[in-house]
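K.L.:
The structure is given below, and queries will be raised subsequently.
There are 2 protein chains.
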Amino acid sequence: MNSDFTIALHVMGFLASRQGLPVTSVALASSYGTSPVVVRRVLMRLQSAQLIEARRGPGGGSVLAREPAGINLRQVYEAVTDNPQFLKRHPGNAGTIAGILAEFVNDVCGEAERALLETLEAVTVEEMDAQVRPRILAEFCKRE
Amino acid sequence: MNSDFTIALHVMGFLASRQGLPVTSVALASSYGTSPVVVRRVLMRLQSAQLIEARRGPGGGSVLAREPAGINLRQVYEAVTDNPQFLKRHPGNAGTIAGILAEFVNDVCGEAERALLETLEAVTVEEMDAQVRPRILAEFCKRE
DNA sequence: GATTATTGTAACTGACTAAGTTACAATAAG
DNA sequence: CTTATTGTAACTTAGTCAGTTACAATAATC
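Sequences listed follow chains A and B, in order.
Heads up: the first sequence begins at 356 in my numbering, then just goes up one per residue.
Heads up: the second sequence begins at 356 in my numbering, then just goes up one per residue.
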């Protein structure tokens, strides 16, 4: 369980709130509280999944590649995860007690993981933005 | 994500199939394909959760502490897991952008994890045994 | 009581993973 | 040309995981 999904959600929420204005990896890293290289590794995966786009050079940064309503959190999770398993599988040899048990166990684990991913799938970046942006704006106004 | 839950399910399925006959950690380890000490560490947690009982000395071993119908897989999972989280949380400071985003993200992660655990909760050791034991017996008969 | 089988547990090892750092090439704006 | 930025490789440090070794505690059997 690494932090990539958490960072990726932070990135997607941040980019959504900026409505197309590019955000640099330095700004994202500073906001999240990590280093720019760590963020960029996550950004590369989000780019490969075509969820964001990046431009180099001055004024560059990342923006969402689609409408926030067209991106759900399962897509974000799968973009940054090689093997989306939350419960370890046991490779018991078929025909042994371990193999027969493992077959059942692996099925149950798969079903449980599916339930988790379907919950993520039901939430879009637009919904996240709708929940979060007003609170961010309120926080900024309070300070000025 | 360690192997404790996978091992624990193997143990519970094995013990259920023996219907009260004690099984040693050596037998369990050999069946699963790991070492007795690794299994015993899991057995200790299952004992603390009062899901199994163990007796020392010759003829000793572990047995289920309750009817298999009264044990579900969520209880097994929680018995062997300190912090049942599948998605990492971000401790963003309240009042910052990171904090506001983290609050939303942590809620969504909690909801998704709840969906997974509820799926495990819906399956009992008795159901596992009913699925697995006939296949184990069939496998043994085939060999004789 | 001695022997033996078994659990319970601590200490250690080696391999792997995660997060961060440093360094630098590639790119593009002005 | 200078500067800001992405993209990426190599390395470090800390932590986790599975397994091993060793041994004390317990209990059945002879």
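A virtual CB, placed ideally from N, CA and C, is assigned to each residue, including glycine.
Return the CA-CA distance between A:Asp437 and B:Pro413, expressed in angstroms with no decimal places.
P.N.:
Cα to Cα, A:Asp437 sits roughly 47 Å from B:Pro413.
K.L.:
Let's see if you can read the secondary structure: which residues bound the beta strand (DSSP E) around A:Ile407?
P.N.:
Where A:Ile407 is concerned, the enclosing beta strand (DSSP E) stretches over Ile407 to Arg410.
K.L.:
Note down the Cα distance separating B:Tyr432 from A:Gly375, rounded to an integer number of angstroms.
P.N.:
Between B:Tyr432 and A:Gly375, the C-alpha separation is close to 43 Å.
K.L.:
Could you tell me the alpha carbon to alpha carbon distance between A:Asn461 and B:Pro391, rounded to whole angstroms?
P.N.:
Between A:Asn461 and B:Pro391, the C-alpha separation is close to 23 Å.
K.L.:
Going along the chain, which residues of its own chain have a beta-carbon closer than 7 Å to the beta-carbon of B:Asn448, five neighbours each way excluded?
P.N.:
Hits under 7 Å: Gly454.
K.L.:
Inspect the CB distances between the stretch 482 to 497 of chain B and the stretch 377 to 386 of chain B and report whether three or more fall short of 8 Å.
P.N.:
Segments in contact, no.
K.L.:
Using CA atoms only, rank isn't needed, just tell me which of B:Glu458, B:Asp359 and B:Leu471 is closest to B:Leu401.
P.N.:
Among B:Glu458, B:Asp359 and B:Leu471, the Cα nearest to that of B:Leu401 belongs to B:Asp359.
K.L.:
Just by C-beta distance, which residues in the stretch 416 to 429 of chain B are closer than 8 Å to chain A?
P.N.:
Taking 8 Å as the Cβ-Cβ cut-off against chain A, the residues of the stretch 416 to 429 of chain B that qualify are Leu428.
K.L.:
Helix, strand or coil for A:Thr474? Go by DSSP, reduced to three states.
P.N.:
Helix.
K.L.:
Are any of the Cβ atoms in chain B nearer than 8 Å to that of A:Thr361?
P.N.:
A:Thr361 counts as touching chain B.
K.L.:
What residue ranges within the stretch 371 to 425 of chain B form continuous alpha helix (DSSP H) runs of no fewer than 4 residues, ordered along the chain?
P.N.:
DSSP runs (the alpha helix (DSSP H)) wholly in the stretch 371 to 425 of chain B: 380 to 387 and 391 to 403.
K.L.:
Would a check of beta-carbon distances place A:Gly375 closer than 8 Å to chain B?
P.N.:
No, A:Gly375 does not count as interfacial toward chain B.
K.L.:
Terminal residues of the continuous alpha helix (DSSP H) containing B:Leu428?
P.N.:
Residues Leu428 to Ala434.
K.L.:
Can you pull the DSSP bridge partners for A:Thr479?
P.N.:
According to DSSP, which records beta bridges pairwise, A:Thr479 is partnered with A:Asn427.
K.L.:
Assuming A:Glu476 contacts A:Gln440 under a Cβ cut-off of 8 Å, what Cβ separation, rounded to an integer in Å, is found between them?
P.N.:
The Cβ separation is near 17 Å, so there is no contact.
K.L.:
Just by C-beta distance, which residues in the stretch 381 to 392 of chain B are closer than 7 Å to chain A?
P.N.:
Within the stretch 381 to 392 of chain B, the qualifying residues are Ser386, Tyr387 and Gly388.
K.L.:
Whole-angstrom Cβ separation of B:Ala424 and B:Glu481, contact assumed at under 8 Å?
P.N.:
Yes, they are in contact, since the Cβ atoms of B:Ala424 and B:Glu481 sit about 4 Å apart, within 8 Å.
K.L.:
Report the neighbours of A:Thr379 on chain B: residues whose CB is nearer than 8 Å to its CB, in chain order.
P.N.:
By Cβ distance, chain B contributes nothing, its closest Cβ being about 15 Å from A:Thr379, past 8 Å.
K.L.:
Can you check whether the CB of A:Thr389 is closer than 8 Å to the CB of A:Asn427?
P.N.:
Their beta carbons are not under 8 Å apart, which means A:Asn427 does not touch A:Thr389 by this criterion.
K.L.:
Restricting to Cα atoms, I'd like to know which of A:Val366, A:Arg410 and A:Met356 is closest to B:Leu456.
P.N.:
With distances taken between Cα atoms, B:Leu456 lies closest to A:Val366.
K.L.:
By alpha-carbon positions, which one of B:Gly368, B:Leu398, B:Ser403 and B:Lys443 ends up nearest to B:Val381?
P.N.:
When only C-alpha atoms are compared, the closest one is B:Leu398.
K.L.:
Around the Cβ of A:Gly368, are there at least 16 other Cβ atoms within 10 angstroms (buried) or fewer (exposed)?
P.N.:
Buried, since its Cβ has 16 or more Cβ neighbours within 10 Å.
K.L.:
Where does A:Pro446 sit, in a helix, a strand or coil, going by DSSP?
P.N.:
Residue state, collapsed to three classes: coil.
K.L.:
Quick check on the burial criterion: 16 or more other C-beta atoms within 10 angstroms. Buried or exposed for B:Met483?
P.N.:
Classification for B:Met483: buried.
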